[in-house]
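Novice: Quick one: structure below, then a few questions.
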Amino acid sequence: MMNISDDAKEILLKSMKENDCNCIRVTFEPSGCCGSSISFALDKLVNGDQQVKINDLAIVMDEQAQNQTASLTINAENGELVVDGGDHGCGCGSSGCC
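In this note's numbering, each number is its position in the sequence shown, counted from 1, plus 676.
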């Protein structure tokens, strides 16, 4: 399961409060040659959302997003969020985008 550091949690909680949000929505989108993309968005829970708790934050994501983010950690560096880990290669197998 994806990890969220305590420092990142504080930044996220502040942003969630400022934007009147109560969850982080994570989506996985398969795409072309540059590979898949993972999106993170502040949002509000709606009926039917299945959430998981990561470091006491409500995270909404489907099973595919859970699988694709399992090796990721959201950290904070110099007051900004960074995502560490995961596969950064191209969808066609090269080391970067074609």
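Quick reminder that beta carbons are idealized off the backbone N, C-alpha and C, glycines included.
Being a predicted model, the structure only gives us computed values, none of them experimental.
Below 7 Å CB to CB, which residues in the same chain sit around L718 once its five sequence neighbours on both sides are set aside?
Specialist: Cβ within range, chain order: S691, M692, N695, C697, I700.
Novice: Taking only runs of the alpha helix (DSSP H) that begin and end inside the segment 696 to 748, which ones reach a length of at least 4 residues, in chain order?
Specialist: 739 to 745
Novice: T749 to N743, Cα distance in whole Å?
Specialist: 13 Å
Novice: Using beta-carbon positions only, say whether D760 and N754 come within less than 9 Å of one another.
Specialist: With contacts defined as CB atoms closer than 9 Å, D760 and N754 fail to qualify as a contacting pair.
Novice: Would you mind sorting A746 into buried or exposed? The rule is 16 or more other CB atoms within 10 Å of its CB.
Specialist: exposed
Novice: Using a 10 Å radius around the Cβ and a threshold of 16 neighbouring Cβ atoms, would you call L688 buried or exposed?
Specialist: buried
Novice: Once you ignore the five residues that flank G767 on each side, which residues in its own chain have a CB closer than 8 Å to its CB?
Specialist: Because G767 carries a pLDDT of 49, less than 50, the predicted location of this residue cannot be relied on, and the following value inherits that uncertainty. Same-chain partners within the cutoff: S707, G708, C709, C710, G711, S712.
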